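Working notes, structure below.
There are 2 protein chains.
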Amino acid sequence: MSSTAHGARARARAEVTTAIKDTARGQLAQEGAAKLSLRAVARELGMASSALYRYFPSRDDLLTALIIDAYDALGEAAEAAHDAATGAGPVLRWVRVCEAVRDWALAHPHEYALIYGSPVPGYAAPQDTVPAASRVGRVFIGIARAALREAELAEPALPAELRDEAARMAADVAPDLPPAVVAPLVAAWAQLFGLISFELFGHFHRVVEDRAAMFRHAADRLARGVGLTV
Amino acid sequence: MSSTAHGARARARAEVTTAIKDTARGQLAQEGAAKLSLRAVARELGMASSALYRYFPSRDDLLTALIIDAYDALGEAAEAAHDAATGAGPVLRWVRVCEAVRDWALAHPHEYALIYGSPVPGYAAPQDTVPAASRVGRVFIGIARAALREAELAEPALPAELRDEAARMAADVAPDLPPAVVAPLVAAWAQLFGLISFELFGHFHRVVEDRAAMFRHAADRLARGVGLTV
DNA sequence: CCAGATGCAAGAGCACTGCTCTCGTTTGTG
DNA sequence: CACAAACGAGAGCAGTGCTCTTGCATCTGG
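As given, the protein sequences belong to chains U and B, one line each in that order.
Read in order, the letters of the first sequence correspond to residues 39 to 268 in this note's numbering.
Read in order, the letters of the second sequence correspond to residues 39 to 268 in this note's numbering.
Okay, structure coming up:
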């Protein structure tokens, strides 16, 4: 490893880097992404603000680092929930993963807003966020895959006008799954985050009270819409 | 009206106010909410930045004014689409309104991000945004109401654990609709914006290509999930 | 009809931001 | 051991939101 080969230098660099990310994450949790200030981070760390630019070339680069970490943390939460639900039926596993995603979002609202709210830096999401961002999606695909293997998946009806697009998506994303499953799966994926975003961003204020129950029910219906049974 | 009673003074004030909002909206469309700068707006209008504070006490107040306008514009687009679809069945009317919402969002991405992305100012949405924000929702409620009147609404099944919450929501939001309709309606409302947000914020990049078809299909399924028929 | 109150625009200024450049110092390596 | 690379600190630039004061235009009560 170059980290050990180059010795103490690289080690110190890695430590400072994570220290910066940690205090930045702290400020993010308190004030939100808009208020995150490089100078404030440097101040809290007792270093000059200019020194920080040795580690992150710009504020947006710090933010994208935090974005990747957030995607990874959320993906890990989803995977953990899935692992904890082995043995259960596919619908229940699906619902459990959905609830884990929601729980993580409620526990880390600003980090969630960072990745599923309006894109803050420039406009285009950097390419290196892609693998981390796809982790949650892969969990859902995995559930559908297992259900298919265990014959617990009833292929939903798919209108003719969507057949080509569904085949394209399936080829790109999960070639072993029937297109008629991939299409509603992707839609369900987006709709799931719609529910969470509405709750988190206050659109359910004075509308929905028992949000956990509403969410569980919606997640259940999404699972069945994908074709999961039992 | 006090605007005519107080004469030219109030008239000039209203003109300057809308001029500020208009150029601010222009900057918003180009650079996004994060980059919106009071000084830049003042510069473009040829006035001192301090003069702007006579019209909006703070940057966040300007933003909330733009938020209300955006909610109203979106609501108007939804209502117009609904009016243009009179005579069609409830499902088709629902889909048309959904597509109108999506079209507006695609045409005004930054304004959409302002109202349905991460909340930018502080955290709590000011109370005066509520009436404007509920306009789109009212359109959907109106469709369900009309469908109920015309006997084109099949009450969906509702699990027992959701019965109380659904009754509460119905009483608050649409007392004349059956709770078993209101609950999935609210969920569909959030899921609809999940689809739009994912498309607009780039989460469908390299995943969904024919987004219009995907959206139309999802909207159709949401309509049927609410109980609309025909 | 005209004095005084009120609304308004402009400028200076404060504290803050992201970011760049330069200048010593430290540290790892040929 | 010398040299190059990495590093930290400071000054400085352009920009921001926002406040305060000053002077001018406008509306209004006597």
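Where a beta carbon is used, it is the ideal one built from N, C-alpha and C, also for glycine.
Quantities reported herein were computed from a predicted structural model and do not represent experimental measurements.
Of all the options the options, which has the alpha carbon lying nearest to the alpha carbon of residue i?
| i | options | result |
| --- | --- | --- |
| U:Leu90 | U:Ala52, U:Ala138, U:Phe242 and U:Glu247 | U:Ala52 |
| U:Gly175 | U:Leu196, U:Pro222, U:Ala80 and U:Ala57 | U:Pro222 |
| B:Leu152 | U:Leu144, U:Ala171, U:Phe239 and U:Trp142 | U:Phe239 |
| U:Val129 | U:Arg183, U:Ala218, U:Leu233 and U:Leu74 | U:Arg183 |
| U:Val245 | B:Val168, B:Leu196 and B:Glu237 | B:Val168 |
| B:Arg173 | B:Asp141, B:Ala126 and B:His120 | B:His120 |
| B:Ala228 | U:Val211, U:Pro216, U:Ala257 and U:Thr55 | U:Ala257 |
| B:Phe94 | B:Arg77, B:Ala218 and B:Val211 | B:Arg77 |
| U:Arg92 | U:Thr55, U:Arg206 and U:Ala185 | U:Thr55 |
| U:Ala123 | U:Val177, U:Ala57 and U:Val219 | U:Val177 |
| B:Leu144 | B:Ile234, B:Val220, B:Ile106 and B:Leu186 | B:Ile234 |
| U:Leu186 | U:Arg201, U:Glu199 and U:Leu215 | U:Leu215 |
| B:Ala72 | B:Glu82, B:Ala198, B:Leu100 and B:Ile58 | B:Leu100 |
| B:Cys136 | B:Glu199, B:Thr267 and B:His255 | B:His255 |
| B:Glu188 | B:Ala225, B:Gly265 and B:Ser88 | B:Gly265 |
| U:Ser87 | U:Val224, U:Ile58, U:Gly45 and U:Leu230 | U:Ile58 |
| B:Ala111 | B:Gly84, B:Asp141, B:Leu230 and B:Arg134 | B:Asp141 |
| B:Arg63 | B:Gly263, B:Tyr150 and B:Pro164 | B:Tyr150 |
| U:Val224 | B:Asp202, B:Glu247, B:Val224 and B:Ala225 | B:Glu247 |
With residue i as the anchor, note down where its alpha helix (DSSP H) starts and where it stops.
| i | result |
| --- | --- |
| B:Pro222 | Pro217 to Leu238 |
| B:Glu247 | Run containing B:Glu247: none; DSSP gives neither H nor E here. |
| U:Thr102 | Arg97 to Ala122 |
| B:Gly175 | Arg173 to Arg187 |
| U:Lys85 | With the sequence shown as reference, residue 85 of chain U is identified as Met, and Lys is not the correct amino acid for it. Premise fails: U:Met85 is in no alpha helix (DSSP H) and is neither H nor E. |
| B:Thr61 | Ala46 to Glu69 |
| U:Ala143 | Pro128 to Ala145 |
| U:Glu203 | Arg201 to Val211 |
Could you tell me if the beta carbon of residue i falls within a distance shorter than 6 Å of some heavy atom in the ligand ATP?
| i | result |
| --- | --- |
| U:Ala122 | For the ligand ATP, the structure offers nothing, since it holds no ligand at all. |
Given residue i, which residues of its chain have a CB within under 8 Å of its CB, disregarding the five upstream and five downstream residues?
| i | result |
| --- | --- |
| U:Ala43 | In this predicted model, U:Ala43 has a pLDDT of only 42, less than 50, meaning its place in the structure is not dependable; the value taken from the coordinates is given anyway. For U:Ala43, where only same-chain residues beyond five positions count, there are no Cβ hits under 8 Å. |
| U:Met39 | Since pLDDT at U:Met39 reaches only 38, below the 50 mark, its modelled position is unreliable, and no value is offered. |
| U:Ala251 | none |
| B:Ala50 | none |
| U:Asp166 | Thr102 and Ile106 |
| B:Arg249 | Glu237 and Phe242 |
| U:Gln65 | Lys73, Leu74, Ser75, Ala78, Val79 and Glu82 |
| B:Ala118 | Ala138 |
| B:Pro164 | Thr102 |
| U:Arg134 | Ala119, His120, Ala122, Ala123 and Ala126 |
| B:Glu114 | Arg173 |
Give every residue of the same chain whose Cβ lies closer than 6 Å to the Cβ of residue i, excluding the five residues on either side of it in the sequence, and list them in chain order.
| i | result |
| --- | --- |
| U:Thr139 | At residue 139 of chain U the sequence reads Val, which differs from the Thr that was named. Taken in chain order, the residues that qualify are Ala116. |
| U:Ser41 | Low per-residue confidence applies at U:Ser41: pLDDT is 38, beneath 50, and the placement is therefore not dependable enough to give any value. |
| U:Ala218 | Glu193, Pro194 and Leu196 |
| U:Ala171 | Tyr109 |
| B:Glu82 | Thr61 |
| B:Ala261 | Val129 and Trp132 |
| U:Gly45 | none |
Could you check how far apart the C-beta atoms of residue i and residue j are, in whole angstroms? I think they sit under 8 Å.
| i | j | result |
| --- | --- | --- |
| U:Gly155 | B:Gly70 | Not a contact, Cβ separation roughly 12 Å. |
| B:Ala212 | B:Ile181 | Not a contact, Cβ separation roughly 11 Å. |
| B:Gly232 | U:Gly232 | 2 Å |
| B:Glu199 | B:Gly127 | At roughly 32 Å, the Cβ-Cβ gap does not stay under 8 Å, so B:Glu199 and B:Gly127 are not in contact. |
Spatial neighbours of residue i within its chain, please: CB distance less than 7 Å, with the 5 preceding and 5 following residues excluded, ordered by chain position.
| i | result |
| --- | --- |
| B:Val220 | Ala204, Met207, Ala208, Val211 and Ala212 |
| U:Pro147 | Leu238 |
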